[in-house]
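Engineer: I'd like to ask you about the structure that follows.
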Amino acid sequence: MAEAAESGGNAPDAARRLYRTALLIRRVEEILLARYHEANEMRCPMHFCIGQEAAPAALAELLRPEDAVYTHYRSHGYYLAKGAPLAAMIAEFHGKASGANGGMGGSMELAHHDSLFYSGAIVGGPVGLALGHAFAQAYRKEPALTVSVVGDGAFDEGIGFEVLSFAALHRLPLLVLCENNGYAAHTGLADRGAPDLISTRARAFGVPVHVMDGNDPLQLLARLGPLCDGIRGGGGPVFCEVLTYRTCSHVGPESDDALGYRPPEEVAKWRLRDPLLMLESVLQDQGATAAELAALRDELDAGIQAAYAAAQAAPAPAPADLDRFVQPAGDAQVAIPFTEVVETAFRGGQAEARLEPY
Ligand SMILES: [Mg+2]
Numbered sequence: 009m010a011e012a013a014e015s016g017g018n019a020p021d022a023a024r025r026l027y028r029t030a031l032l033i034r035r036v037e038e039i040l041l042a043r044y045h046e047a048n049e050m051r052c053p054m055h056f057c058i059g060q061e062a063a064p065a066a067l068a069e070l071l072r073p074e075d076a077v078y079t080h081y082r083s084h085g086y087y088l089a090k091g092a093p094l095a096a097m098i099a100e101f102h103g104k105a106s107g108a109n110g111g112m113g114g115s116m117e118l119a120h121h122d123s124l125f126y127s128g129a130i131v132g133g134p135v136g137l138a139l140g141h142a143f144a145q146a147y148r149k150e151p152a153l154t155v156s157v158v159g160d161g162a163f164d165e166g167i168g169f170e171v172l173s174f175a176a177l178h179r180l181p182l183l184v185l186c187e188n189n190g191y192a193a194h195t196g197l198a199d200r201g202a203p204d205l206i207s208t209r210a211r212a213f214g215v216p217v218h219v220m221d222g223n224d225p226l227q228l229l230a231r232l233g234p235l236c237d238g239i240r241g242g243g244g245p246v247f248c249e250v251l252t253y254r255t256c257s258h259v260g261p262e263s264d265d266a267l268g269y270r271p272p273e274e275v276a277k278w279r280l281r282d283p284l285l286m287l288e289s290v291l292q293d294q295g296a297t298a299a300e301l302a303a304l305r306d307e308l309d310a311g312i313q314a315a316y317a318a319a320q321a322a323p324a325p326a327p328a329d330l331d332r333f334v335q336p337a338g339d340a341q342v343a344i345p346f347t348e349v350v351e352t353a354f355r356g357g358q359a360e361a362r363l364e365p366y
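So that you can map any letter, position 203 of the sequence shown is 211 in this note's numbering, and since no number is skipped, the others follow by simple counting.
Here's what the structure looks like:
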């Protein structure tokens, strides 16, 4: 998104660029959240990243076009950080042909191939795909890296550890960025395994391990920059655990606080460490006025609303495209064309039914 920085964090206007990216991500999420049920036009589960904007904002400063990013399904911020087009993301959520995946992926399978950005709904799944991409970059001797963004829940599974072992063995250009937000859906870290940091386990594989404040964008930029440079330079894989928190619910626009899985005091404490508040404080110290910040917000909002309007007006995908995105045309292994499956499932007007909020 931004001009690539060699090591990040030193430019005098770094705080302003970080704030712009973090605010864009925040406003996209807030507008989506507000309009999610408005016309019932976004029929895909959506995992908002409110509170977790710092890491994608920092990566936006560091990633280059030739770098690849694979993330979990809380992916909107990283999609934007990689410079993928906002309009295609909003259209994807609306299931439109102009969407990043032709309207076939939705929020949980968001990808934009031209930007080398990929995400996936299967917990831990994209970690293995990221490893493959990093292997290809090394095999082709490309001066690039792959970032694998995972949640703490993914490291309850084995694949993350297998990836670290293989990446270390082959010194692959892989940055594993583990967003530890304390919960896998609604289950706290201490209820799922030994109550220690994920990085304690990751250390066993011989990969350099770093633990960072995941809500401080400036600190993340300063610390991740040299690590990215080192990986691109052939230094091998790095594991970073960034400690952060989602102040929104696990999935969907409704609050899930009534489930009682986290104490209100905990949410309130993390709200005080909001990445946007931290950056606003820095900018105010640098002389930014409230009017300037409001003008930036209005500018970003106008772009988001325009993308939203374009998505609403865009055509739906052609039914003939359903097969194209599932299997190569003419593949003998496809016993039942996907179109038939969909038509069967939606028989009886179900396709017109309004989906229940979840
Ligand atoms: Mg988590």
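Glycine residues also receive a C-beta, built at the ideal position from the N, C-alpha and C atoms.
Keep in mind it's a predicted model, so treat the numbers as computed, not measured.
Just to check my reading of the structure: V157 and E187 have Cβ atoms closer than 8 Å, yes? What is that Cβ distance to the nearest angstrom?
Structural biologist: Stepping through the sequence shown from its first residue, residue 157 is reached at position 149. Stepping through the sequence shown from its first residue, residue 187 is reached at position 179. Yes, they are in contact, since the Cβ atoms of V157 and E187 sit about 6 Å apart, within 8 Å.
Engineer: Assign P53 to buried or exposed, taking buried as 16 or more other Cβ atoms, counted over all protein chains shown, within 10 Å of its Cβ.
Structural biologist: As a position in the sequence shown, residue 53 is number 45, starting the count at 1. It is exposed - the Cβ of P53 has fewer than 16 other Cβ atoms within 10 Å.
Engineer: Would you say the beta carbon of E61 comes nearer than 8 Å to a heavy atom of ligand 1?
Structural biologist: On the sequence shown, residue 61 is found 53 positions in, with the first residue counted as 1. E61: no, Cβ never under 8 Å from ligand 1.
Engineer: Could I get the ranges of all uninterrupted beta strand (DSSP E) runs contained in the stretch 66–113, with 3 residues as the minimum, in chain order?
Structural biologist: If we require 3 residues or more, the beta strand (DSSP E) runs fully inside the stretch 66–113 come out as 76–79.
Engineer: Once the 5 residues before and after L304 are set aside, which same chain residues still bring their CB inside 6 Å of it?
Structural biologist: On the sequence shown, position 296 is the one that residue 304 refers to. None.
Engineer: Let's test the definition: count the other Cβ atoms within 10 Å of the Cβ of L267 and tell me whether it reaches 16, buried, or not, exposed.
Structural biologist: On the sequence shown, residue 267 is found 259 positions in, with the first residue counted as 1. L267 is exposed by the Cβ-count criterion.
Engineer: With burial defined as no fewer than 16 other Cβ atoms inside 10 Å of the residue's Cβ, what is the status of G161: buried or exposed?
Structural biologist: As a first step, residue 161 is located in the sequence shown; it is residue number 153 there, counting from the start. Result: buried.
Engineer: Check whether the Cβ atoms of L32 and I58 sit closer than 9 Å, and answer yes or no.
Structural biologist: On the sequence shown, residue 32 is found 24 positions in, with the first residue counted as 1. On the sequence shown, residue 58 is found 50 positions in, with the first residue counted as 1. Not closer than 9 Å, so no.
Engineer: Is G222 helix, strand or coil by DSSP?
Structural biologist: Counted from its first residue, the sequence shown places residue 222 at position 214. Residue state, collapsed to three classes: coil.
Engineer: Have a look at F213 and M220 and give me their C-alpha separation to the nearest angstrom.
Structural biologist: Sequence index remark: in the sequence shown, residue 213 carries index 205 (1-based). Sequence index remark: in the sequence shown, residue 220 carries index 212 (1-based). In a straight line, the C-alpha of F213 is about 19 Å away from that of M220.
Engineer: Just to check my reading of the structure: G107 and A99 have Cβ atoms closer than 8 Å, yes? What is that Cβ distance to the nearest angstrom?
Structural biologist: For the purposes of this step, residue 107 is identified with residue 99 of the sequence shown, where counting begins at 1. For the purposes of this step, residue 99 is identified with residue 91 of the sequence shown, where counting begins at 1. The pair is a contact, with the Cβ atoms about 4 Å apart (cut-off 8 Å).
Engineer: State the DSSP-derived secondary structure class of C236, mapped to helix, strand or coil.
Structural biologist: Against the sequence shown, residue 236 aligns to sequence position 228. In the structure shown, C236 sits in a helix (DSSP, three-state: H, G or I).
Engineer: In terms of residues, what are the limits of the beta strand (DSSP E) holding V7?
Structural biologist: Any question about residue 7 goes unanswered here, given that the chain covers just 9 to 366.
Engineer: Hey, would you say the C-beta of A108 is under 8 Å away from at least one heavy atom of ligand 1?
Structural biologist: Looking up residue 108 in the sequence shown gives position 100. Incorrect: A108 has no Cβ contact closer than 8 Å to ligand 1.
Engineer: Would you mind listing the alpha helix (DSSP H) stretches within the stretch 120–186 that are 4+ residues and don't spill past its ends, in chain order?
Structural biologist: As far as the stretch 120–186 is concerned, its whole alpha helix (DSSP H) runs of at least 4 residues are 133–147 and 167–178.
Engineer: What are the boundary residues of the alpha helix (DSSP H) that E300 is part of?
Structural biologist: Sequence index remark: in the sequence shown, residue 300 carries index 292 (1-based). Run containing E300: A298 to A321, per the alpha helix (DSSP H) assignment.
Engineer: With DSSP run on the structure shown, which of helix, strand or coil describes Y191?
Structural biologist: Within the sequence shown, numbered from 1, the residue matching residue 191 stands at position 183. Note: Y191 maps to strand in three-state DSSP.
Engineer: Taking G166 as the reference, give the member of D122, V131 and H45 with the closest Cα.
Structural biologist: As a working note, residue 166 is residue 158 in the sequence shown. Ranking the options by Cα distance to G166, first place goes to V131.
Engineer: Excluding five sequence neighbours on each side, which residues of the same chain lie with their C-beta closer than 7 Å to the C-beta of A314?
Structural biologist: In the sequence shown, the residue the question calls residue 314 occupies position 306. So the list is empty, once near-sequence residues are dropped.
Engineer: Please list the terminal residues of the continuous alpha helix (DSSP H) segment that includes E288.
Structural biologist: One-based indexing of the sequence shown puts residue 288 at position 280. Note, E288: alpha helix (DSSP H), P283 to D293.
Engineer: Looking only at its chain, what residues have a beta carbon closer than 8 Å to the beta carbon of A96, apart from the 5 residues adjacent to it on each side?
Structural biologist: Locating residue 96 in the sequence shown gives position 88, counting from the first residue. Around A96: S106, G107, A108 and H120.
Engineer: Does any heavy atom of ligand 1 sit closer than 8 Å to the C-beta of N189?
Structural biologist: Looking up residue 189 in the sequence shown gives position 181. Checking every heavy atom of ligand 1 against the Cβ of N189, one is found closer than 8 Å.
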